Each structure stands twice: as structure tokens, then as C-alpha cells.
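Going by UniProt numbering, the letters in the sequence shown line up with residues 73 to 494, in that order.
Ideal placement from N, C-alpha and C gives every residue a C-beta, glycine not left out.
The model shown is predicted, which means the values in this text are computed figures rather than measured ones.
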Amino acid sequence: HETKESVTYDVRTQMGETQIKKGEKTKTLGYNGHLLGPVIKIKKGQDVTIKTENTLNKNTSFHWHGLKTDDNADGSPHQLVAPNSSETISFKADQEASTLWFHPHPEGETASQVYQGLAGLMYVEDENSDNLSLPDIYGKDDIPLIVQDRYFDSNNQIDYEKSYRSDGTQGDTLMINGTINPYLDVTTRWMRYRLVNGSNATNFTFSLDGQVPFYQVASDGGFLNKATEKEELILSPGERAEILVDTTKSLDEDKLNLLVDDKIALKMNLKPDKKSKSIDITQKLNRIPDINKNDTQKLPRQTIDLKGMSHMVNINGEIFDMNKINMTKKLNSKEVWEVNNISNMMGGMIHPFHVHGVQFRVLSRNGEEPPLNESGWKDTILVNPDEQVEILVSFDKKGIFMYHCHILEHEEYGMMGQLEVI
Ligand code: C2O
Ligand code: CU
Ligand code: CU
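See the structure below:
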């Protein structure tokens, strides 16, 4: 059901059981299956229709994280899909090639539904991505990696209530694409990993065995202008990055494992074909415009104060109210948002700040130029305690959009607001 101009998908929530660990199966939730979900592939300019269906016994919603769309397709807490019912949404794919993801967003249930397994991917492609020379064979040299942490109880169950923490429910077991101790047979010289931090609350630090450098080519909302070399990359909940790995740089003949927090997260069995596609790592990947400092100084400013911990969190002193619009923004008008992470005497914690319906730019971190890998399009930004991050925001879709901390338990405690674009 795909033509150049249009594409149709069915996405259905399901309850099921998955063999994650040895022994008892784990009760899980998934889209079109029992755990996680499909990759929805759309192309810039296409008319996209998605029939969403909810077979759970609770309300859900289908939020396309990072998608630029009018609010009626955003899947916010306002667009609930009741048990055993379905809703069809449609929108025009109106943004550049990027790795987006989707997850539920019903008020009060987002954190538990994600924790139990609801998350999927949405790839946007465009003319630029068609023409770039990058690894692009799904499952072979272009690999999605949804990284999450979970607790399993003695019966192998993921029990959200028992694992619950008010500052974010974490886990001692790392899963990639729903698998514990995953491995990958690497048959090409260059590998592309689409990293997604799909955890409720955990920041992950990615690196390669032996601190072999890799190249970040994309951030949340699309390609960077140029690949940037890194030995380490931190993603907070909701953030994505695409990296390229040159497997010939392996220090040890047969391993170049992906590490998360210095532990092996993905074992790579290296059998690269020496004649496989070679990649020019210096190629121009995108045409993101430079930001003119003099221009941004004149723009209207919006303060976003992220405050508190556990159940005492808020944004600008306000907690989420379904019936309250916290700010109004004009269509296509640029603003500088000062996102402040305000710690208190009890200390502080990282808040990943996310805005719906938009891709923004990072202007500064604590007054300094942002690092190269934050110079592209972002929809979620890690803000450290006592830090100020300035972002350049301009909405080109109309409606009511959420902005919130992507620690899902903070979001549930009201660390979320609504803005209306008019
Ligand atoms: Cu990924 Cu409002 O969230
Ligand atoms: Cu979102
Ligand atoms: Cu938070």
C-alpha cells in the first residue's frame, strides 16, 4: 500500500507474551506484535494515513515523537484511543530524513505503557537521504537500536508498579530491541546504528570497545551537516542519534562491541567483507543554515524553568492541567527559549526537555557554543542541573502541543505544559 504520493499503515496495540529470559515468558505490550513495534517508513512529501487501533483494556494514544504535524495527528493526551476502538489519522510528511519514534501518551499511563513495551520507530526519508552514500540496508548495515532498561521479577515479569520510582523507573537489565545480550553479525565494513534512548528515565553513555572512535551523522531531527567524530555519546530519554562505525578500526581482530555505560550492550561478530561499500566520511550530509547571533539576540525570549524532583516537579511553577494552555505562540515566528534546570538544596538531576510538533536548534549551553553533534535538528535536549540551554524554536504547524520532561514519571507528575500555536 505504498505509492510515491501516499502510504498507509495499520498500527495496533497488543497484549502478549515474549520469551525475553530463560524460563517463564514475560507479559509484554507491543504494536502489531507482542513487544515494541514495526518501523514505519515515510517519505517527505507523502500523504500518510495511519489506522491506529487499541486492543488494550486501557486508553492509549499514538504519539509520533519528533514528527512535525498539526495537533490532530500528534497523539497527545488529547487524542485518546479507547479500548477496542480505532482512529485513523492522516498528515503530509513535511520534514527531512530522520529517525523518529512513536510511543503512547495517555495522561497517567504513558510511563507504564512504555515500560511494558510500547515503542516503535518511524523513519523519514527524502531526496537528500536517497542521494547520500551511507549504509542503508535495513537489518544488514543499517540497524535500529532501541535501548531500554528494565527490572524483571523472580517470575520474569516486568512489573511496573513494583519497579516504580518517582524520579523515573529504571532497571538493572539492559535490552536492545527487546533482547537481552544481543549480538550482531557484521558483514560490511561500515555499519550505521540508529540509536534510540527508549528508557523511561535513564541516560545512556555509548562507546565502542577499546574507545575506538565512531562518527555521529544525525541527531533527533535529521542529518548533521558533517559527520562528527566521537568516542562517547550520551543520550537522555527520548533522544536519538545515528552513528557510523568503521569496523576496520577494531583493535582486536574480531570485536568492536557497542558499550553502554562501559558494559557490553551489543556484541558484534566481525566478519566484514573487505570489498563492501566504502563511505566518504567527509561528505556533506545536510544543509542546515548557520545561526546568526546578531539576529537571535533580537528575538523574543521565553523562559522555561525546570524545577523539582520526584512528585514535586514543575515547569515555570506550573503543573500539567489538561484544560490549561500555558503559552501561546505565533505560527512561524522565531523565539529563543532559555531552558533552565534549577536545582535545589536537595541537589538536582538531568531533565531531558522535549517539545512536540517541532524541531529546534541549540544556540548555547551555559553560554558556550553547543558541541557539533548538537548543532543540527533536535526535539529533545539533555539539560544538566544548574545548566541553561538556549534553543531556537519556531512552530510551523498549528494547534495545541505539549512540552515536557521526557523522564516519563516526571511527565506524569505534571512536568509538562501545553502551548497553542495560532
Ligand atoms: Cu516522546 Cu511527549 O513525548
Ligand atoms: Cu514527543
Ligand atoms: Cu525531569
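Exposure of residue i, with buried meaning 16 or more beta-carbon neighbours within 10 Å
{"i": "residue 118", "result": "buried"}
{"i": "residue 255", "result": "exposed"}
{"i": "residue 403", "result": "exposed"}
{"i": "residue 469", "result": "buried"}
{"i": "residue 433", "result": "buried"}
{"i": "residue 154", "result": "exposed"}
{"i": "residue 203", "result": "exposed"}
{"i": "residue 393", "result": "exposed"}
{"i": "residue 157", "result": "exposed"}
{"i": "residue 395", "result": "exposed"}
{"i": "residue 475", "result": "buried"}
{"i": "residue 122", "result": "buried"}
{"i": "residue 365", "result": "exposed"}
{"i": "residue 350", "result": "exposed"}
{"i": "residue 140", "result": "buried"}
{"i": "residue 253", "result": "exposed"}
{"i": "residue 115", "result": "buried"}
{"i": "residue 450", "result": "buried"}
Cβ neighbours of residue i in the same chain (closer than 6 Å, five flanking residues each side left out)
{"i": "residue 271", "result": "220, 221, 309"}
{"i": "residue 406", "result": "371, 466"}
{"i": "residue 391", "result": "486"}
{"i": "residue 179", "result": "149"}
{"i": "residue 478", "result": "309, 310, 424, 426, 452"}
{"i": "residue 129", "result": "155"}
{"i": "residue 374", "result": "407, 409"}
{"i": "residue 86", "result": "102, 127"}
{"i": "residue 329", "result": "281, 336, 339, 340"}
{"i": "residue 227", "result": "96"}
{"i": "residue 145", "result": "161, 163"}
{"i": "residue 455", "result": "411, 413, 423, 425, 461"}
Residue i - partner residues in DSSP beta bridges
{"i": "residue 387", "result": "378, 390"}
{"i": "residue 492", "result": "400, 472"}
{"i": "residue 215", "result": "265"}
{"i": "residue 175", "result": "135"}
{"i": "residue 349", "result": "Answer is none; residue 349 lacks a bridge partner."}
{"i": "residue 86", "result": "102"}
{"i": "residue 290", "result": "295, 314"}
{"i": "residue 237", "result": "Residue 237 pairs with nothing; no bridge assigned."}
{"i": "residue 433", "result": "464"}
{"i": "residue 108", "result": "102"}
Option nearest residue i by Cα separation, candidates the options
{"i": "residue 285", "options": "331, 344, 454", "result": "331"}
{"i": "residue 311", "options": "259, 251, 292", "result": "292"}
{"i": "residue 192", "options": "159, 104, 245, 275", "result": "104"}
{"i": "residue 79", "options": "429, 194, 176, 304", "result": "194"}
{"i": "residue 167", "options": "138, 161, 382", "result": "138"}
{"i": "residue 305", "options": "315, 298, 387", "result": "315"}
{"i": "residue 208", "options": "161, 185, 264", "result": "264"}
{"i": "residue 369", "options": "224, 377, 125, 439", "result": "439"}
{"i": "residue 354", "options": "301, 234, 348", "result": "301"}
{"i": "residue 297", "options": "448, 388, 472", "result": "448"}
{"i": "residue 237", "options": "492, 124, 143, 482", "result": "482"}
{"i": "residue 519", "options": "163, 125, 225", "result": "Because the chain is modelled from 73 through 494, residue 519 falls outside the range shown and cannot be assessed."}
{"i": "residue 241", "options": "225, 269, 274, 367", "result": "274"}
{"i": "residue 151", "options": "225, 169, 175", "result": "175"}
{"i": "residue 489", "options": "389, 340, 84", "result": "389"}
{"i": "residue 401", "options": "385, 494, 347, 252", "result": "494"}
{"i": "residue 342", "options": "317, 357, 380", "result": "317"}
{"i": "residue 445", "options": "246, 294, 122", "result": "294"}
{"i": "residue 210", "options": "459, 356, 171", "result": "171"}
{"i": "residue 111", "options": "460, 268, 338, 252", "result": "268"}
{"i": "residue 437", "options": "225, 460, 454, 450", "result": "460"}
{"i": "residue 360", "options": "169, 287, 253", "result": "169"}
Beta-carbon proximity list for residue i, same chain, < 8 Å, skipping 5 on both sides
{"i": "residue 229", "result": "96, 98, 99"}
{"i": "residue 344", "result": "258, 259, 260, 261, 319, 320"}
{"i": "residue 189", "result": "90, 100, 101, 102, 106, 107, 108, 230, 250"}
{"i": "residue 457", "result": "413, 415, 419, 420, 421, 422"}
{"i": "residue 323", "result": "281, 282, 284"}
{"i": "residue 246", "result": "219, 220, 221, 252, 332, 335, 337"}
Own chain residues within Cβ distance below 7 Å of residue i, not counting five before or after
{"i": "residue 147", "result": "133, 134, 135, 136, 177"}
{"i": "residue 303", "result": "279, 283, 285"}
{"i": "residue 77", "result": "118, 119"}
{"i": "residue 225", "result": "231, 234"}
{"i": "residue 383", "result": "238, 485"}
Integer-rounded CB distance, given that residue j should sit under 8 Å from residue i
{"i": "residue 411", "j": "residue 363", "result": "In fact, because the Cβ distance is near 16 Å, the residues do not count as touching under 8 Å."}
{"i": "residue 336", "j": "residue 266", "result": "Contact doesn't hold; Cβ gap of about 19 Å is too wide."}
{"i": "residue 248", "j": "residue 217", "result": "5 Å"}
{"i": "residue 233", "j": "residue 113", "result": "The pair is not a contact, with the Cβ atoms about 36 Å apart (cut-off 8 Å)."}
{"i": "residue 484", "j": "residue 75", "result": "Contact flag wrong, Cβ pair sits at about 40 Å."}
{"i": "residue 462", "j": "residue 435", "result": "4 Å"}
{"i": "residue 83", "j": "residue 124", "result": "5 Å"}
{"i": "residue 223", "j": "residue 244", "result": "6 Å"}
{"i": "residue 357", "j": "residue 299", "result": "7 Å"}
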